[in-house]
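In our numbering, the protein residues as written are 1 to 608.
Positions of the beta carbon are idealized from the N, C-alpha and C atoms, including for glycine.
What follows is one structure encoded as structure tokens, with my remarks underneath.
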């Protein structure tokens, strides 16, 4: 959350990422040279049939008649904004076999690679090819690998690149018979509305189908998924079948999982079915003016006091005080403030201390800082009689150390110590402790593409850095309300970029949270779906409050799509979630400044 508007951090991230890749260079892994009798298993590698068999991000790819290396056509793909013009094709291969990938390229910073090899994914690149230049790399598939994804891409902010005569030479992938039934099916994370599943890979399989209660439910290529949209306290029976070009396998042995009975993690059971969350500028004013606690309308179900801030970035010592009279002439006394909090709580509202914000950088890099955080936050909660904690860490508060690549087992001290500190607070205050989080999209949904410093090192280490915190605390989490504003374009689960300001952005970003997603594209590291009762959509209350203000009509479209699957536009969600908890806004003060447009629209939509 911001005290004043600020530019997006995305250009800085992309610049750092580009610099890292350009210094790291391409990775070429040696493998057995493909046999002379092997065939080219790539489809339309000369682009003579247009883009048949290829998919390019954001419509970035076209075929052209000049320049070409051979034949009558070549690929032309143009990076734009945060899109690196990646074009992909998935091909069928044989397990434990050698392949050679090559292509003729032209342009600045052209990349060629293969992913999903089952061994070491490979890539190669050129920083400058003013005329046609051949790129070549090779790999061996894993013992269970039956398909790989070939790709080309340019780089952010660079001109168009060209590709022609791409080939993948090696054994063809046709098996001639259906694969065997999958084994090792097991359930993992179970919530009130979702069940995580995983199983062992099957040799010769190109895909899998999850069957729920005997009926086909989800098709996918990986060996793990999260089934969402389930009913609480209900037993479900799951099986998996494997497929390839020759047909479908028999069903696996069944596993039964029973969803939880509660209304999401943490203490959310006494919140209304659809809750409105807002931030109250209690320690400062800014252009929206100061609003007394007693003047906050009854529409607001959760009130986050902005902000508790540290005495220094690394101290962990958090302090909170009311806005000075010189800045806020109408500020109430401390006694009046405390009395107003009690009145709100008596009316069923929750009042939390929010830590961080734009200016409040908090880095719990040591156990001493962790312990100071627990002690000082406890003092604030006890002093004002609050219901819990909102984590609004922004800027450089959270980042991942190089080599910290698995959100399920974080090793970076600032991450590990924050998780430990919050668990200590939860243990101290018990089941009634309310925990909410307000990360930016940069720290959550961007993790679908980028996580930490990346495979080459040098990416912005903050990318996706909230994911291990959310995951470790999901059983304690009352609400996650990602800030769908002050954001650059973010890739959704449709592999298209979405921009803030309209219903589409909120639909795509929320669908990611309620469906789950592979982190940095790694299907072995899937961030599981959250319970919809744990999720609210974060928006600015007015155009003055932040970049990405969404008109009420567009807010309602997003709610219609997510809760009723109507008014969805072009984006297709992976489920329908009528129990989506609600909306969050920055801020109550800005909503008052804007004649309460945001909260009145919420009340009208949900019948408040």
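Quiz item: Rounded C-beta distance between residue 169 and residue 99? I'm assuming under 8 Å.
Solution: Taking the chain shown and counting its residues from 1, the one referred to as residue 169 is at position 169. Taking the chain shown and counting its residues from 1, the one referred to as residue 99 is at position 99. That pair is a contact at about 7 Å.
Quiz item: Would residue 677 be called buried (16 or more neighbouring beta carbons within 10 Å of its own) or exposed?
Solution: An answer regarding residue 677 cannot be provided, because it is not within the stretch 1 to 608 covered by the chain.
Quiz prompt | Inter-residue Cα distance where the pair is residue 123 and residue 436 | solution = Along the chain shown, one-based indexing puts residue 123 at 123. Along the chain shown, one-based indexing puts residue 436 at 436. Between residue 123 and residue 436, the C-alpha separation is close to 41 Å.
Quiz prompt | Whole-Å CB distance - residue 74 paired with residue 90, under 8 Å assumed | solution = Within the chain shown, numbered from 1, the residue matching residue 74 stands at position 74. Within the chain shown, numbered from 1, the residue matching residue 90 stands at position 90. 21 Å between Cβ atoms; not a contact.
Practice problem: For residue 274, name the three-state secondary structure that DSSP assigns. | Solution: Within the chain shown, residue 274 is the residue found at index 274, counting from 1. Coil, per DSSP.
Quiz item: Nearest-angstrom Cα distance between residue 377 and residue 424?
Solution: Stepping through the chain shown from its first residue, residue 377 is reached at position 377. Stepping through the chain shown from its first residue, residue 424 is reached at position 424. One C-alpha to the other measures close to 11 Å.
Quiz item: Using 8 Å as the threshold, is the stretch 222-235 in touch with the stretch 151-168, meaning 3 or more CB pairs across them?
Solution: no
Exercise. Return helix, strand or coil for residue 257, following the three-state DSSP convention.
Key: Against the chain shown, residue 257 aligns to sequence position 257. Correct three-state label for residue 257: strand.
Practice problem: Assign residue 250 to buried or exposed, taking buried as 16 or more other Cβ atoms, counted over all protein chains shown, within 10 Å of its Cβ. | Solution: For this step, residue 250 is matched to residue 250 along the chain shown. That one is exposed.
Quiz item: When the Cα atoms are used, what is the spatial distance from residue 591 to residue 597?
Solution: By 1-based counting over the chain shown, the position of residue 591 is 591. By 1-based counting over the chain shown, the position of residue 597 is 597. If I take the Cα positions, the gap works out to 6 Å.
Practice problem: Quick one: grab the DSSP three-state call for residue 485. | Solution: For the purposes of this step, residue 485 is identified with residue 485 of the chain shown, where counting begins at 1. Here residue 485 sits in coil by DSSP.
Quiz item: What's the C-alpha gap between residue 484 and residue 441?
Solution: Along the chain shown, read from residue 1 onward, the residue named residue 484 stands at position 484. Along the chain shown, read from residue 1 onward, the residue named residue 441 stands at position 441. About 7 Å.
Quiz item: Does the distance from the C-beta atom of residue 51 to that of residue 101 stay below 8 Å?
Solution: Taking the first residue of the chain shown as position 1, residue 51 is located at position 51. Taking the first residue of the chain shown as position 1, residue 101 is located at position 101. No.
Exercise. May I ask you to verify whether the stretch 312-323 touches the stretch 359-366, counting CB pairs closer than 8 Å and requiring at least 3?
Key: yes
Exercise. Would you kindly report the start and end of the unbroken alpha helix (DSSP H) that includes residue 422?
Key: Looking up residue 422 in the chain shown gives position 422. Looking at the DSSP string, the run of the alpha helix (DSSP H) that includes residue 422 is 413-429.
Quiz item: Excluding five sequence neighbours on each side, which residues of the same chain lie with their C-beta closer than 7 Å to the C-beta of residue 383?
Solution: Reading the chain shown from its first residue, position 383 is the one you call residue 383. For residue 383, where only same-chain residues beyond five positions count, there are no Cβ hits under 7 Å.
Quiz item: With which residues is residue 215 paired in a DSSP beta bridge?
Solution: On the chain shown, position 215 is the one that residue 215 refers to. Its beta-bridge partners are 212.
Self-check item: Selected residue, minimal CA-CA separation from residue 43, among 172, 367, 117 and 450
Solution: Sequence index remark: in the chain shown, residue 43 carries index 43 (1-based). The candidate whose alpha carbon is nearest that of residue 43 is 172.
Quiz item: Is DSSP giving residue 129 helix, strand or coil here?
Solution: Position 129 of the chain shown holds residue 129. The answer is strand: DSSP assigns residue 129 an E or B state.
Quiz item: Taking the alpha carbon of residue 273 as the point to measure from, which residue in 562, 396, 595 and 532 has its own alpha carbon closest?
Solution: Position 273 of the chain shown, counted from the start, is the residue given in the question as residue 273. Selected option, being the one with the closest Cα: 532.
Exercise. List the residues that DSSP assigns as beta-bridge partners of residue 321.
Key: Counted from its first residue, the chain shown places residue 321 at position 321. The partner list for residue 321 (beta bridge, DSSP) is empty, contrary to what the question assumes.
Quiz item: To the nearest angstrom, how far is it from the Cα of residue 538 to the Cα of residue 557?
Solution: Taking the first residue of the chain shown as 1, we reach residue 538 at position 538. Taking the first residue of the chain shown as 1, we reach residue 557 at position 557. Near 15 Å, if we compare the C-alpha coordinates of residue 557 and residue 538.
Quiz item: So, are the CB atoms of residue 574 and residue 511 less than 8 Å apart?
Solution: For the purposes of this step, residue 574 is taken as the residue at position 574 of the chain shown. For the purposes of this step, residue 511 is taken as the residue at position 511 of the chain shown. In contact: residue 574 and residue 511 (Cβ atoms closer than 8 Å).
Practice problem: Please look up how many angstroms separate the CB atoms of residue 386 and residue 353, rounded, as I've assumed it's under 8 Å. | Solution: Position 386 of the chain shown, counted from the start, is the residue given in the question as residue 386. Position 353 of the chain shown, counted from the start, is the residue given in the question as residue 353. Yes, they are in contact, since the Cβ atoms of residue 386 and residue 353 sit about 5 Å apart, within 8 Å.
Quiz item: Relative to the C-alpha of residue 59, which residue among 85, 120, 255 and 324 is closest?
Solution: The residue you call residue 59 lines up with position 59 of the chain shown. If we check each option's Cα against that of residue 59, 85 comes out closest.
Quiz item: Counting along the chain, where does the beta strand (DSSP E) carrying residue 540 start and finish?
Solution: Looking up residue 540 in the chain shown gives position 540. Per DSSP, residue 540 belongs to the beta strand (DSSP E) from 536-540.
Self-check item: CA-to-CA distance, residue 330 to residue 516, given in whole angstroms
Solution: Residue 516 sits at position 516 when you count from the first residue of the chain shown. Residue 330 sits at position 330 when you count from the first residue of the chain shown. Residue 516 and residue 330: Cα-Cα distance of roughly 45 Å.
Quiz item: Ordered along the chain, which non-local residues of its own chain (more than five positions away) have a Cβ less than 6 Å from that of residue 606?
Solution: Along the chain shown, read from residue 1 onward, the residue named residue 606 stands at position 606. Excluding residues within five positions, the ones whose Cβ falls inside 6 Å are 274.
Quiz prompt | Which of helix, strand or coil DSSP assigns to residue 587 | solution = Position 587 of the chain shown holds residue 587. Look at residue 587 here: in three-state DSSP terms it is coil, with no helix or strand label.
Quiz item: Are the stretch 277-290 and the stretch 579-590 in contact at 8 Å, needing three or more beta carbon pairs?
Solution: Using a C-beta cut-off of 8 Å, the stretch 277-290 makes contact with the stretch 579-590, since at least three inter-stretch Cβ pairs fall below that distance.
Practice problem: In the DSSP assignment, find the unbroken beta strand (DSSP E) run with residue 382 in it and report its ends. | Solution: Reading the chain shown from its first residue, position 382 is the one you call residue 382. Not the beta strand (DSSP E): residue 382 falls in the alpha helix (DSSP H), residues 367-384.
Quiz item: Okay, do the stretch 460-474 and the stretch 519-536 touch, 3+ Cβ pairs below 8 Å being the bar?
Solution: yes
Quiz prompt | residue 342: CB within 7 Å of a non-hydrogen atom of the ligand GTP | solution = Judged by which ligands are present, the structure shown has none, so any question about the ligand GTP falls away.
Quiz item: Rounded to a whole number of angstroms, what is the C-alpha to C-alpha distance between residue 324 and residue 303?
Solution: Translated into the one-based positions of the chain shown, residue 324 becomes position 324. Translated into the one-based positions of the chain shown, residue 303 becomes position 303. In a straight line, the C-alpha of residue 324 is about 20 Å away from that of residue 303.
Quiz item: Per DSSP, which one or two residues make a beta bridge with residue 150?
Solution: Counting from one through the chain shown, the residue named residue 150 turns up at place 150. In the DSSP output, where bridge partners are listed per residue, residue 150 has 89 and 114.
Quiz item: When the Cα atoms are used, what is the spatial distance from residue 61 to residue 321?
Solution: Mapped onto the chain shown, residue 61 falls at position 61. Mapped onto the chain shown, residue 321 falls at position 321. Whole-angstrom Cα-Cα distance: 55 Å.
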